[in-house]
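Here the sequence shown stands for residues 2 to 814, numbered as in the working numbering.
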Amino acid sequence: MKRFLCIHGHFYQPPRENPWLEAIETQDSAFPYHDWNKRITAECYANNASSRILDDQMRIVDIVSNYSKISFDMGPTLLQWLEKNSLETYTAVIEADRLSIKLRSGHGAAMAQAYNHMIMPLASPRDKKTQIEWGIKDFSSRFGRDPEGMWLPETAVDMETLDIMAAMGLQFTVLAPNQARRVRKKGSREWLDVSGAKIDPKVPYVCNLPSGRKINLFFYDGPISRAVAFERLLDSGVGFAKRLMSGFSEREQGNKLMHIATDGESYGHHHRFGEMALSYALHHIETNDLARITNYGEFLEENPPQHEVEIFENSSWSCIHGVERWRSDCGCNSGGQPGWNQHWRGPLREALDRLRDEIAENYEKVASKHFKDPWKAREDYIDIILDRSDPSTDGFFRKHSLKRLGRKQITAALKLLELQRHAMLMYTSCGWFFDDISGIETVQVIQYAGRAVQLAKETMGKDYEPEFVAKLAEAKSNVPERGDGARVYEEFVRPTVLDLEKVAAHYAINSVYEDYEERATIYCYNIHRLDYRKLYAGSAVLVTGRCLITSKITREDERLSFCVLYMGNHDFNCGVRKFVGNKSYQDMKEQIKKAFESGSFADAVRLLDTHLGSPTYSLKDLFRDEQRAILDILIRETMEAFEDAYRRMFEENRLLMSFLKDTGVPVPKGFYTAAEFILNLDLKKQLQEDFDRETIQGILNEFGKWKVPMEKTSLEFALKNRLEDAAEILSGKPLDLLSLKEMTEMVDISLKLPIRHNFWLAQNNYYRMAKTVYPDFARRAKAGDRKASLWVQQFKTLGEKLNFKLEAVLPAV
2 MKRFLCIHGH FYQPPRENPW LEAIETQDSA FPYHDWNKRI TAECYANNAS
52 SRILDDQMRI VDIVSNYSKI SFDMGPTLLQ WLEKNSLETY TAVIEADRLS
102 IKLRSGHGAA MAQAYNHMIM PLASPRDKKT QIEWGIKDFS SRFGRDPEGM
152 WLPETAVDME TLDIMAAMGL QFTVLAPNQA RRVRKKGSRE WLDVSGAKID
202 PKVPYVCNLP SGRKINLFFY DGPISRAVAF ERLLDSGVGF AKRLMSGFSE
252 REQGNKLMHI ATDGESYGHH HRFGEMALSY ALHHIETNDL ARITNYGEFL
302 EENPPQHEVE IFENSSWSCI HGVERWRSDC GCNSGGQPGW NQHWRGPLRE
352 ALDRLRDEIA ENYEKVASKH FKDPWKARED YIDIILDRSD PSTDGFFRKH
402 SLKRLGRKQI TAALKLLELQ RHAMLMYTSC GWFFDDISGI ETVQVIQYAG
452 RAVQLAKETM GKDYEPEFVA KLAEAKSNVP ERGDGARVYE EFVRPTVLDL
502 EKVAAHYAIN SVYEDYEERA TIYCYNIHRL DYRKLYAGSA VLVTGRCLIT
552 SKITREDERL SFCVLYMGNH DFNCGVRKFV GNKSYQDMKE QIKKAFESGS
602 FADAVRLLDT HLGSPTYSLK DLFRDEQRAI LDILIRETME AFEDAYRRMF
652 EENRLLMSFL KDTGVPVPKG FYTAAEFILN LDLKKQLQED FDRETIQGIL
702 NEFGKWKVPM EKTSLEFALK NRLEDAAEIL SGKPLDLLSL KEMTEMVDIS
752 LKLPIRHNFW LAQNNYYRMA KTVYPDFARR AKAGDRKASL WVQQFKTLGE
802 KLNFKLEAVL PAV
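Written as structure tokens, this is what we have:
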């Protein structure tokens with residue numbers, strides 16, 4: 002028997018972007034990070050691109066990319082986010098696939114994924130086709146090759162989906178063992194029942210499809226995959242390797258593939274340092290020649306299936322009832338509160354299905370006025386999603402439009418295509434996976450539906466909202482104050498609905514504090530300032546102006562006039578209306594200006610309403626991140642006053658409080674509150690700015706004396722950011738001895754802090770310098786160059802403090 006090993010990671014996060022902004026807004030639950038994508042990138046996606054291999058003394062002997070060694074799929078919507086927000090990680094993922102092609106006989110590590118994690122058996126035939134088509138095109142545009150295999154969300158499968166995949170040239174997918182019904186050896190008539198996960202997972206199978214096509218199927222090892230996710234198997238790299246190898250049996254004949262499939266987030270996010278357990282396990286298996294590391298494409302080429310398989314249709318890995326988790330209260334849940342139910346799943350699915358079907362019928366009628374084939378245009382719309390530049394969009398319309406379209410017609414056509422995109426995004430599986438309709442994942446899919454409703458009204462002239470919300474009312478929340486789906490829609494969806502006037506209001510209000518250039522970009526909108534004036538009267542501010550706002554997504558544009566009257570604190574009054582001519586606009590400017598400069602603020606507000614009408618906008622209407630930024634400015638003076646008061650209380654009473662403490666008299670709680678506030682504030686400032694060893698030690702002594710708690714999460718995050726800044730400076734000046742000394746000093750101080758330090762980026766940069774800069778300096782030092790000798794000595798000192806085994810990572814010269 003020859004042993005082969007493949008570990009598959011399904012790397013995916015549900016799209017979390019605001020459907021109107023195409024960006025993720027602040028998510029407080031991800032603290033101290035801005036949002037969950039950023040947090041999981043820091044804990045998992047980036048770490049798997051630069052994973053550490055440690056020796057028995059826990060020193061780093063190598064830094065490797067797990068992506069190049071395993072099989073993986075990464076959701077298209079996640080890759081899109083990484084490309085915009087973590088380019089280094091994104092690039093590392095793409096490069097890892099290219100490296101794996103060299104390592105694995107021309108077969109890349111990456112697999113495609115159905116586009117936005119839709120449960121395929123519950124999708125319409127048309128949506129299935131588009132999801133697969135978009136997944137393939139997205140993959141090819143990023144990885145520069147056609148995918149061999151595709152991951153199905155939740156491994157949910159039916160024969161129609163497999164047939165479409167085979168028709169599009171996909172060779173294989175991976176399923177759970179419980180999804181296999183029966184098998185037989187090729188050429189045999191006798192089937193063997195393998196239900197209940199009794200299938201041999203160590204060989205590939207071929208599935209014959211109704212159309213006459215075929216597709217290859219791999220069934221992963223269930224027990225070991227579950228152990229990775231739920232049994233802390235990633236606590237030890239050696240233990241992980243041993244468990245993987247236990248999947249082989251000496252009695253087996255032929256080539257056998259031991260393979261598991263797990264959430265990629267297990268490696269670093271769900272299990273801290275899980276990525277290191279993964280890299281060490283692979284290293285241990287390779288260096289001890291226990292098995293040959295491979296991926297599915299390579300193994301399939303060398304070992305064609307010798308058995309046929311039939312599957313259980315409408316089955317998945319994560320629901321023992323098939324695919325009921327995404328349409329009924331089947332009992333599968335994520336372990337929420339006792340007594341909760343998921344009756345809401347059915348009405349939510351029914352509301353979306355009804356909306357989808359009615360939209361589809363009218364889409365075909367309306368889109369036929371613009372496109373030769375509306376559904377083929379939808380399939381190819383992925384080309385614009387991937388590249389929204391003018392040449393890409395113009396090429397799309399040359400290919401698909403019935404005739405040359407004018408500007409407004411192009412906007413109408415793009416809105417129709419966006420309508421279809423959101424009508425698929427609203428089926429993202431996470432919306433049903435968790436335990437209540439008010440959860441953030443479910444709110445997200447309802448927001449996509451809200452965007453689809455808005456676009457349908459604008460393009461088709463029909464308002465689907467009343468019927469949709471009425472159906473949502475049947476979906477009852479387990480949280481009494483959330484009521485039902487209709488209330489969730491009113492509280493979390495309707496306030497996020499956006500039009501160009503609201504974008505102008507955001508621009509106008511935010512301009513009170515931010516000085517925009519003549520041409521600015523706010524999320525997915527371009528703003529061209531045509532006129533602007535800002536006046537001050539004490540703490541009051543008056544802003545008047547007009548601008549042209551254009552959506553980068555639909556090319557919709559509008560000329561708008563605006564006025565903001567800011568009265569101090571959080572009191573903003575803003576009006577916006579379509580620009581109706583220069584005379585009307587100039588009258589508004591002059592009349593409101595006159596009232597404002599005379600101090601008649603009430604008249605100014607009345608004139609604002611007269612000229613611009615309703616609705617009026619306030620700070621509440623700002624996009625969340627900018628709203629937070631302005632509120633931080635507004636409370637800055639208050640926080641400075643708090644700091645002054647607490648500092649005075651702490652500094653002026655410290656000696657007296659010390660005397661009370663020494664004599665055993667209880668110290669007042671108010672003093673402890675002041676000490677906690679000031680000491681955490683001072684330490685955070687030191688970590689962010691000065692990084693002075695003596696000052697930091699003095700603060701730590703005070704913490705020890707008064708036994709007040711440290712705000713460890715925010716302090717650790719501040720330290721992480723400061724170390725990363727220093728590492729970037731050193732990376733830009735690797736030959737500078739002073740920068741090297743400063744980095745060494747900062748690392749040394751960090752090691753003495755009673756909080757968790759994160760040297761990840763510093764270690765990455767050091768490793769890179771060890772392979773590029775160090776050899777030349779080491780040769781010069783060997784030849785007697787004193788400056789080079791000092792640099793080499795300092796570089797080795799830094800390496801030791803960063804926990805490297807120097808003889809393993811520094812090249813011999």
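Positions of the beta carbon are idealized from the N, C-alpha and C atoms, including for glycine.
Please read all numbers here as calculations on a predicted model, not as lab measurements.
Residue of Glu276, Asp691 and Tyr465 minimising C-alpha distance to alanine 50:
Selected option, being the one with the closest Cα: Glu276.
Inter-residue Cα distance where the pair is tryptophan 376 and methionine 121
Their backbone Cα atoms lie some 18 Å apart in a straight line.
Measuring alpha carbon to alpha carbon, tell me which residue in Arg757, Gly576, Ala228 and Glu468 is nearest methionine 711.
Among Arg757, Gly576, Ala228 and Glu468, the Cα nearest to that of methionine 711 belongs to Arg757.
So, at 6 Å on beta carbons, what are the nonlocal neighbours of alanine 278 in its own chain, with the 5 sequence-adjacent residues on each side left out?
So the qualifying residues of the chain are Leu235, Gly238 and Phe241.
Where the alpha helix (DSSP H) through lysine 377 begins and ends
In the DSSP annotation of this structure, the continuous segment of the alpha helix (DSSP H) that includes lysine 377 starts and ends at 375-381.
Bridge-paired residues (DSSP) for asparagine 527
Bridge partners of asparagine 527: Thr522 and Thr551.
Per DSSP, what kind of secondary structure is isoleucine 411 in: helix, strand or coil?
In the displayed model, isoleucine 411 falls within a helix according to three-state DSSP.
Could you give the distance in angstroms between the alpha-carbon of isoleucine 8 and the alpha-carbon of threonine 696?
Here the alpha carbon of isoleucine 8 sits roughly 49 Å from the alpha carbon of threonine 696.
Is the region 445-461 touching the region 403-421, taking contact as three or more C-beta pairs under 8 Å?
Contact between the region 445-461 and the region 403-421 is present, because at least three Cβ pairs lie under 8 Å.
Per DSSP, what kind of secondary structure is alanine 181 in: helix, strand or coil?
For alanine 181, the secondary structure class from DSSP, reduced to helix, strand or coil, is strand.
Taking the straight line between their C-alpha atoms, what separation do you get for isoleucine 447 and valine 175?
Per the coordinates, the alpha-carbon of isoleucine 447 lies some 30 Å from the alpha-carbon of valine 175.
Between the C-alpha atoms of lysine 39 and leucine 736, what's the straight-line distance to the nearest angstrom?
Here the alpha carbons of leucine 736 and lysine 39 stand approximately 32 Å from one another.
Tell me which residue opens and which closes the beta strand (DSSP E) that valine 577 is part of.
Residues 573-579.
For leucine 403, which residues of its own chain have a beta-carbon under 7 Å away from its beta-carbon, when the five flanking residues on both sides are left out?
Cβ neighbours of leucine 403 beyond the five flanking positions: His371, Phe372 and Lys373.
For the region 45-117, list the beta strand (DSSP E) runs that are entirely contained and at least 3 residues long, ordered along the chain.
Those beta strand (DSSP E) runs which fall completely within the region 45-117 and span 3+ residues are 52-55, 61-65, 72-75 and 111-114.
Over the uninterrupted alpha helix (DSSP H) stretch that includes glutamate 1, give me the two end residues.
The displayed coordinates of the chain run from 2 to 814. Any statement about residue 1 would go beyond what the structure contains.
Any idea if tyrosine 428 is buried or exposed, counting beta-carbon neighbours within 10 angstroms, 16 or more meaning buried?
Taking a 10 Å sphere around the C-beta of tyrosine 428, we find 16 or more other C-beta atoms and assign the residue as buried.
Within a Cβ cutoff of 6 Å, which residues of the same chain sit near arginine 17, ignoring the five residues on either side of it in sequence?
Ile25.
First and last residue of the beta strand (DSSP E) that includes glutamate 690?
Taken as a continuous stretch (DSSP letters only), glutamate 690 belongs to no beta strand (DSSP E), as it is neither H nor E.
On a Cα-Cα basis, can you pick out the residue from Ala167, Ile385, Asp532 and Met568 that is closest to serine 540?
Residue nearest to serine 540 within the set Ala167, Ile385, Asp532 and Met568 is Met568 (criterion: CA-CA distance).
Serine 87 and threonine 42 closer than 8 Å at C-beta
Yes; because the gap between Cβ atoms is below 8 Å, this pair is in contact.
Taking valine 577 and glutamate 502 to be in contact with their CB atoms under 8 Å, please state how far apart those CB atoms are, rounded to whole angstroms.
For valine 577 against glutamate 502, the beta-carbon gap comes to about 5 Å, under 8 Å, which counts as contact.
Look at histidine 344 and aspartate 358 and say whether their C-beta atoms are less than 8 Å apart.
At least 8 Å separates the beta-carbon of histidine 344 from that of aspartate 358.
How long is the line joining the alpha carbons of glycine 484 and leucine 561, rounded to whole angstroms?
Between the alpha carbons of glycine 484 and leucine 561 lies a gap of roughly 38 Å.
In whole angstroms, what is the alpha-carbon distance linking leucine 218 and cysteine 208?
Leucine 218 and cysteine 208 have their alpha carbons spaced roughly 7 Å apart.
Taking Cβ to Cβ, would you say alanine 487 is nearer than 8 Å to leucine 473?
Contact: yes.
With DSSP as the reference, please indicate the residues paired to asparagine 209 in a beta bridge.
According to DSSP, which records beta bridges pairwise, asparagine 209 is partnered with Lys215.
Between the alpha carbons of isoleucine 385 and histidine 270, how many angstroms are there, rounded?
If you take the alpha carbons of isoleucine 385 and histidine 270, they lie about 33 Å apart.
Does the pairing of the region 180-189 with the region 304-324 give three or more beta-carbon distances under 8 Å?
The region 180-189 is in contact with the region 304-324.
Within its chain, find whatever has a CB closer than 8 Å to the CB of tryptophan 792; leave out the 5 residues flanking it on each side and keep chain order.
Excluding the 5 residues flanking it on each side, tryptophan 792 has same chain C-beta neighbours closer than 8 Å at Leu736, Leu738, Leu741, Phe778 and Ala782, in chain order.
What residues in its chain sit with their C-beta under 6 Å from that of phenylalanine 300, if we drop five residues either side in the sequence?
Annotation for phenylalanine 300: Phe5 and Leu258 place their beta carbon closer than 6 Å to its own, counting only its chain and skipping 5 residues before and after.
Give me, in chain order, the residues of the same chain whose beta-carbon lies closer than 7 Å to that of alanine 282; leave out the 5 immediate sequence neighbours on both sides.
The residues are Gly238, Phe241, Ala242 and Leu245.
Considering only C-alpha positions, which residue in the set Ser316, Met650 and Glu232 is nearest to glycine 197?
If we check each option's Cα against that of glycine 197, Ser316 comes out closest.
Helix or strand or just coil, what does DSSP make of tryptophan 707?
Assignment of tryptophan 707 by DSSP, reduced to helix, strand and coil, places it in the helix class.
Using the rule of at least 16 other Cβ atoms within 10 Å of the residue's Cβ for burial, across every protein chain shown, is arginine 399 buried or exposed?
Arginine 399 counts as exposed, since fewer than 16 other C-beta atoms from the protein chains shown sit within 10 angstroms of its C-beta.
Let me know the secondary structure DSSP gives glutamate 557 once reduced to three states.
Coil at glutamate 557, not helix or strand.
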